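Student: Shown below is the structure under consideration.
Number of protein chains: 4
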Amino acid sequence: MPDCESIREGSFVLLFLDNRRSYLVRVEKSVKFHTHKGFVEFDDVIGEEYGTTLISSLGVEFVALKPLLPDFIYKAQRKSQITYPKDVALMVMFSGIGPGSKIVEAGTGAGALTTALASYVRPDGCVYSYDIRSDFQRIALKNLRKAQLERFVDVKQKDITLGIDETDVDAVILDLATPWLVVPHASAALKGGRSLVSFSPTIDQIVKTVEAMRDCNFVNVATFECIMRQMQVIRGKTRPHTLMTGHTGYITHGRKASRSNDEDPENVG
Amino acid sequence: MPDCESIREGSFVLLFLDNRRSYLVRVEKSVKFHTHKGFVEFDDVIGEEYGTTLISSLGVEFVALKPLLPDFIYKAQRKSQITYPKDVALMVMFSGIGPGSKIVEAGTGAGALTTALASYVRPDGCVYSYDIRSDFQRIALKNLRKAQLERFVDVKQKDITLGIDETDVDAVILDLATPWLVVPHASAALKGGRSLVSFSPTIDQIVKTVEAMRDCNFVNVATFECIMRQMQVIRGKTRPHTLMTGHTGYITHGRKASRSNDEDPENVG
Amino acid sequence: MPDCESIREGSFVLLFLDNRRSYLVRVEKSVKFHTHKGFVEFDDVIGEEYGTTLISSLGVEFVALKPLLPDFIYKAQRKSQITYPKDVALMVMFSGIGPGSKIVEAGTGAGALTTALASYVRPDGCVYSYDIRSDFQRIALKNLRKAQLERFVDVKQKDITLGIDETDVDAVILDLATPWLVVPHASAALKGGRSLVSFSPTIDQIVKTVEAMRDCNFVNVATFECIMRQMQVIRGKTRPHTLMTGHTGYITHGRKASRSNDEDPENVG
Amino acid sequence: MPDCESIREGSFVLLFLDNRRSYLVRVEKSVKFHTHKGFVEFDDVIGEEYGTTLISSLGVEFVALKPLLPDFIYKAQRKSQITYPKDVALMVMFSGIGPGSKIVEAGTGAGALTTALASYVRPDGCVYSYDIRSDFQRIALKNLRKAQLERFVDVKQKDITLGIDETDVDAVILDLATPWLVVPHASAALKGGRSLVSFSPTIDQIVKTVEAMRDCNFVNVATFECIMRQMQVIRGKTRPHTLMTGHTGYITHGRKASRSNDEDPENVG
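Chains as they are written, first to last, in my numbering: chain A, 1261 to 1529; chain B, 1261 to 1529; chain C, 1261 to 1529; chain D, 1261 to 1529.
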């Protein structure tokens, strides 16, 4: 996401119609982009600033927004495994990472979480992203290239439950089916006092993961979920939305310590 | 938060006792740190790695963790105005900022949000942080210095409802009582297509802010809240915690556009 | 819902297929009931006990359940205005009503709430149910007859915002667009110390209603919402459902008093 | 809760100070009731209507409310095991009970749930309430007497996990540590098509209970929790309360059927 403020050939733009419909597209010369609201001509935006309005052939307004991190996350989604920007945001926060961090992540999936991590470790950090499936990783790389973040990621087609190659890493961030199998490897890979963060949809997964973390002397272990509630904000009619996503998953985090962990398990909070 | 992996004189460490009790302290030679569980001697950790265990004079174990961003946020709290790491994480995400971003923030308060923003814009971005109260800003600067992030922040003792000095900024992030008064200034200060994010506890505030954003042609305007639920994770006894924080505030975000905003207000989502 | 334990001609049964599909039907001699899973013959259940299994012409099992109150509530729904069993249950509880109570309700709508109230005031109480629309009341009466509760309800085609005919009532229960207009009438109709309960989807409605209640000297005024979360319970895969209803409405309740209400408005809860 | 509208000697009244402080007391002639806001004299309310105001010796207003069901539930609480009116309301609704129902309940505890059940089965139903602890049952009887509902309850000092004496019951309602052990007995005791409802705080309990119910051919089995959120309703400052109860327990319900239960476990909802 480097800073080229006017839209150029090759730039990605988010063509925004309304809160439910927007399109992440690459601007190409002499090309028309077709939607059910008519087509827009990319030549009309080349040289313009982000935020400019386009009128489609059917007279409908689109706004050419600069794609930001949440857009790349939303658009990287596969149906089979959705990571929500809210969960990505919280995993980033509780991992404690930032510019310059060296991170291990698994699984790569379609690269939604990878994109966020890569964005925040710039310009001199690195994300080592493990996945056993090369087909997912090809999609992830395509998504990372759209966000111009591929050079901050080392995609590794390996089974992370068998081990982590890296050492002295600043954080290990997991979104896979069996995180508890990775906990001992994460403990070996992490610098002292640093964070392991894991995302899992089911209770069974969090119980096994928390037990594995306690067994490996992690401290400050805690699990939470974030329930996100959209509001309809209209004067005189303000209220929460009728429909909402009831559950995505639980986030578990903790920190590597050298002490024998005899902390009271009730003191999770 | 630069990378000095062994603990040295002058380093900050998080002395961790359990999930409810930890202390963010500066290590000084020949100094004892007193707690209700006895004292620890800083000389014992100088030269050690983060994550090492200390035994207090009463035989209680403390872990000397490296303070991470969520710790600086928690420890920067004033009772009068609490910004939660969850809300900070979501504001950072929906602002679309990252390393190199130029951000306007108000109010500074005790610097909890400022610390997070500064951490993520490193090494070549900048946070312009407005507050009318110099006493808060002194506390904020103290907190920023603990996190070694003060050089990424320009603290301005000014009333942001009267105007924003900066232009071409990547995001405007608000946590103050009357965000709607800042919306026109934010529109003037922002680059095209970039984000305004605002945090407010009450319904009245979000209605006024959303209306001001629509009046100023922001698009993709949405408001949500994040309800965070801690889990007690113990095999056979797993359940959500009995007590939880029911509400911190609503997060509203949207993007600057040049079009006349005739979007259907129902399409918020 | 009188007690005729074997299924007879004229009985209502809930033909249960699975948690998403069930049918509230009246048993008639020599009649086939057609579903997308084949037809079942009512003659097969006449004389059987509730809970018996029927095999459809396509070999699919249906269970002939006795319809209970929540079934009548679900099946009375119109798309335009849904009252959920959870909200009905909480309104009944906070109204303090029970067998013998004399209740005023508005609006009747399709009779979902009316059905619940009638069920609980049996055998010697009465529900006075106001609605301005006779078409809704016809539907409500039809639904009440299915539950054999019509004799406990007096359906009145009147605008309750203009006044309540009854006096010395045990509770006033409102589910209509402008409850604040009914508050003074409710105060006049209620016995001392008894409850007004109101259901409204929007913030604006609850603010106006709570203000009207304080103006009319109601005490113990409180507003809450109930967020209902379904669980997927399968060993090893237990978790909240992905989709949920995010909001139905707020429930406000309070009690008629004769004192001048100078209670601290912060003390709500 | 019979209908004696003016307050008499021996009546119970709820002396209401504010939403956080109220007292359920028995009115006695020539007696003073002492609070930290001064004393009130019961002679002042004898002969008055419910809802009347009393001025304490320190000039503070109290309202003499008629105690309603939710008051009896709140005031019956023991610290060790809290049943919330919201959960009682939902258990009553999903049990499908009403006036005339014959119910089995366990454990009695302090009688909070028992009080609600007794109130709703009046005037010709009955609650058979099992508990192994006679000390709890003495407290429960005391609480039932306050609400004048003891004649609708048969308190049995027996271990319900060993069997249920009653047959042809309309509902079995459980709030005890091991509900899964009661499921087969509930199946034997229930009329066809009727409901078993169980309340449990932990995931482990609901998994075992749901499995036991499926094994015993219950259909329409579902588990949910109700998260109750109080609102602060003040014009211009409306918002959810900061603190809330995050979890009380899960409610599981289902109906007795005679079919072999081959329903898809995913279809819960």
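Glycine is no exception: its CB is placed at the ideal position from the N, C-alpha and C atoms. Because the structure is a prediction, the values reported are computed rather than measured.
According to DSSP, simplified to helix, strand and coil, what is B:LEU1404?
Tutor: Reading the second sequence from its first residue, position 144 is the one you call residue 1404 of chain B. When DSSP states are grouped into helix, strand and coil, B:LEU1404 belongs to the helix group.
Student: Quick check: D:VAL1481 and D:GLY1453, are their CB atoms within less than 8 Å of each other?
Tutor: Taking the fourth sequence and counting its residues from 1, one reaches residue 1481 of chain D at position 221. Taking the fourth sequence and counting its residues from 1, one reaches residue 1453 of chain D at position 193. Pairing D:VAL1481 with D:GLY1453 gives a Cβ-Cβ distance that is not under 8 Å.
Student: Determine the chain C residues that contact A:PRO1327 at a beta-carbon separation under 8 Å, and present them in chain order.
Tutor: As a working note, residue 1327 of chain A is residue 67 in the first sequence. Chain-ordered listing is empty here: chain C has no CB closer than 8 Å to the CB of A:PRO1327, the nearest sitting near 27 Å.
Student: Identify whether A:LYS1223 lies in helix, strand or coil by the three-state DSSP scheme.
Tutor: Since the first and last residues shown for chain A are 1261 and 1529, residue 1223 of chain A lies out of range.
Student: So A:PHE1530 and A:PHE1276 are supposed to be a Cβ contact under 8 Å. How far apart are they, rounded?
Tutor: Given that chain A is displayed from residue 1261 to residue 1529, the structure contains no residue 1530 of chain A and the question cannot be resolved.
Student: Pull out every residue of the region 1348-1369 of chain C whose Cβ sits closer than 9 Å to any Cβ of chain D, in chain order.
Tutor: VAL1348, ALA1349, LEU1350, MET1351, VAL1352, MET1353, PHE1354, SER1355, GLY1356, ILE1357, GLY1358, PRO1359, GLY1360
Student: The region 1469-1480 of chain A: which residues have C-beta closer than 7 Å to a C-beta of chain B, in chain order?
Tutor: VAL1470, GLU1471, VAL1479, ASN1480
Student: In whole angstroms, what is the alpha-carbon distance linking C:ASP1384 and D:PRO1359?
Tutor: On the third sequence, position 124 is the one that residue 1384 of chain C refers to. On the fourth sequence, position 99 is the one that residue 1359 of chain D refers to. So the two alpha carbons sit approximately 10 Å from each other.
Student: Below 8 Å on C-beta distance, what does B:PHE1293 contact in chain A?
Tutor: Position 33 of the second sequence, counted from the start, is the residue given in the question as residue 1293 of chain B. Under the 8 Å cutoff, chain A gives no residues; its nearest Cβ is about 17 Å from B:PHE1293.
Student: Comparing C-alpha positions only, which one of A:GLY1270, A:ALA1449, A:LEU1434 sits nearest to A:ASN1354?
Tutor: If you number the first sequence from 1, residue 1354 of chain A lands on position 94. Just to set this straight, residue 1354 of chain A is Phe in the shown sequence, not Asn. Among A:GLY1270, A:ALA1449, A:LEU1434, the Cα nearest to that of A:PHE1354 belongs to A:LEU1434.
Student: Just to confirm, is the Cβ distance from A:ILE1357 to A:ALA1431 under 8 Å?
Tutor: Sequence index remark: in the first sequence, residue 1357 of chain A carries index 97 (1-based). Sequence index remark: in the first sequence, residue 1431 of chain A carries index 171 (1-based). Closer than 8 Å, so yes.
Student: Looking at the secondary structure, which residues open and close the beta strand (DSSP E) in which B:TYR1310 lies?
Tutor: Within the second sequence, numbered from 1, the residue matching residue 1310 of chain B stands at position 50. It is not in any beta strand (DSSP E) - B:TYR1310 carries neither H nor E in the DSSP assignment.
Student: Could you give the first and the last residue of the continuous beta strand (DSSP E) run that contains B:LYS1451?
Tutor: As a working note, residue 1451 of chain B is residue 191 in the second sequence. Residues 1450-1460.
Student: Confirm, please, whether the CB-CB distance from D:PHE1484 to D:ASP1347 is below 8 Å.
Tutor: Position 87 of the fourth sequence, counted from the start, is the residue given in the question as residue 1347 of chain D. Position 224 of the fourth sequence, counted from the start, is the residue given in the question as residue 1484 of chain D. No, Cβ-Cβ distance for D:ASP1347 and D:PHE1484 is not below 8 Å.
Student: Any contact between the region 1273-1288 of chain C and the region 1415-1426 of chain D? By contact I mean 3 or more CB pairs, one from each, below 8 Å.
Tutor: no
Student: In whole angstroms, give me the CA-to-CA distance for A:TYR1388 and A:LYS1451.
Tutor: Against the first sequence, residue 1388 of chain A aligns to sequence position 128. Against the first sequence, residue 1451 of chain A aligns to sequence position 191. One C-alpha to the other measures close to 15 Å.
Student: For the pair the region 1493-1508 of chain A and the region 1465-1474 of chain B, tell me if three or more CB-CB distances fall below 8 Å.
Tutor: Three or more Cβ pairs closer than 8 Å define a contact, and the region 1493-1508 of chain A meets that threshold against the region 1465-1474 of chain B.
Student: Tell me the residue span of the alpha helix (DSSP H) that contains D:ARG1474.
Tutor: Your numbering for residue 1474 of chain D matches position 214 in the fourth sequence. In the DSSP assignment, D:ARG1474 falls within the alpha helix (DSSP H) that extends over 1463-1475.
Student: Looking at the structure shown, is C:HIS1501 part of a helix, part of a strand, or coil, going by DSSP?
Tutor: Translated into the one-based positions of the third sequence, residue 1501 of chain C becomes position 241. Coil at C:HIS1501, not helix or strand.
Student: Since B:ASP1464 meets chain D, which of its residues come closer than 9 Å, beta carbon to beta carbon?
Tutor: Taking the second sequence and counting its residues from 1, one reaches residue 1464 of chain B at position 204. Here the neighbours are ARG1495, GLY1496, LYS1497, THR1498, ARG1499.
Student: With DSSP collapsed to three states, give me the class of B:LEU1277.
Tutor: Walking along the second sequence from the start, residue 1277 of chain B turns up at place 17. Here B:LEU1277 sits in strand by DSSP.
Student: Name the chain G residues that come within less than 8 Å of D:PRO1461, Cβ to Cβ?
Tutor: Chain labels in this structure do not include chain G; the protein chains are A, B, C and D.
Student: According to DSSP, is D:ALA1336 helix, strand or coil?
Tutor: Mapped onto the fourth sequence, residue 1336 of chain D falls at position 76. In this structure, D:ALA1336 counts as coil in the three-state DSSP scheme.
Student: For chain C, check one thing: does any of its Cβ atoms lie closer than 8 Å to the Cβ of A:ARG1280?
Tutor: As a working note, residue 1280 of chain A is residue 20 in the first sequence. False, the Cβ-Cβ gap to chain C never drops below 8 Å.
Student: Out of curiosity, what's the CA-to-CA distance linking A:ILE1392 and A:ASP1475?
Tutor: Within the first sequence, the letter at position 132 stands for residue 1392 of chain A. Within the first sequence, the letter at position 215 stands for residue 1475 of chain A. Answer to the nearest angstrom: the Cα atoms are 26 Å apart.
Student: Using the C-alpha atoms, what's the distance from B:PHE1272 back to B:THR1375?
Tutor: The residue given as residue 1375 of chain B occupies position 115 in the second sequence. The residue given as residue 1272 of chain B occupies position 12 in the second sequence. If I take the Cα positions, the gap works out to 15 Å.
Student: Inspect the beta-carbon positions of D:THR1295 and D:SER1316 and report whether they are closer than 8 Å.
Tutor: Locating residue 1295 of chain D in the fourth sequence gives position 35, where the first residue counts as 1. Locating residue 1316 of chain D in the fourth sequence gives position 56, where the first residue counts as 1. Against a cut-off of 8 Å, the Cβ pair of D:SER1316 and D:THR1295 comes out as a contact.
Student: Nearest-angstrom Cα distance between B:THR1462 and C:ILE1463?
Tutor: Along the second sequence, read from residue 1 onward, the residue named residue 1462 of chain B stands at position 202. Along the third sequence, read from residue 1 onward, the residue named residue 1463 of chain C stands at position 203. So the two alpha carbons sit approximately 11 Å from each other.
Student: Please confirm if D:CYS1386 has its CB atom under 8 Å from at least one CB of chain C.
Tutor: For the purposes of this step, residue 1386 of chain D is identified with residue 126 of the fourth sequence, where counting begins at 1. Chain C contact via Cβ: absent.
Student: Report yes or no: is there a C-beta of chain A within less than 8 Å of the C-beta of B:PRO1383?
Tutor: Along the second sequence, read from residue 1 onward, the residue named residue 1383 of chain B stands at position 123. Judged by the 8 Å Cβ criterion, B:PRO1383 is in contact with chain A.
Student: D:GLU1485 bridges to which residues according to DSSP?
Tutor: Taking the first residue of the fourth sequence as 1, we reach residue 1485 of chain D at position 225. D:GLU1485 is bridged to C:ARG1489.
Student: Under 8 Å between C-beta atoms, does D:TYR1334 make it to chain C?
Tutor: In the fourth sequence, the residue the question calls residue 1334 of chain D occupies position 74. D:TYR1334 does not count as touching chain C.
Student: Determine the extent of the beta strand (DSSP E) in which B:LEU1325 is found, giving its start and end residues.
Tutor: Locating residue 1325 of chain B in the second sequence gives position 65, counting from the first residue. Unbroken beta strand (DSSP E) run through B:LEU1325: 1321-1325.
Student: Report all residues from its chain with a CB closer than 6 Å to the CB of A:GLU1426; omit the five preceding and five following residues, and keep chain order.
Tutor: One-based indexing of the first sequence puts residue 1426 of chain A at position 166. Apart from the 5 residues on each side of it in sequence, A:GLU1426 sits with its Cβ closer than 6 Å to the Cβ of VAL1364, TYR1388, ALA1449 in its chain, given in chain order.
Student: Alpha carbon to alpha carbon, how far is B:GLU1288 from B:PHE1302?
Tutor: Locating residue 1288 of chain B in the second sequence gives position 28, counting from the first residue. Locating residue 1302 of chain B in the second sequence gives position 42, counting from the first residue. Spanning the two alpha carbons is a distance of roughly 6 Å.
Student: If you follow the beta strand (DSSP E) that D:SER1389 is part of, which residue opens it and which one closes it?
Tutor: Position 129 of the fourth sequence, counted from the first residue, corresponds to residue 1389 of chain D. Segment 1386-1391, the beta strand (DSSP E) holding D:SER1389.
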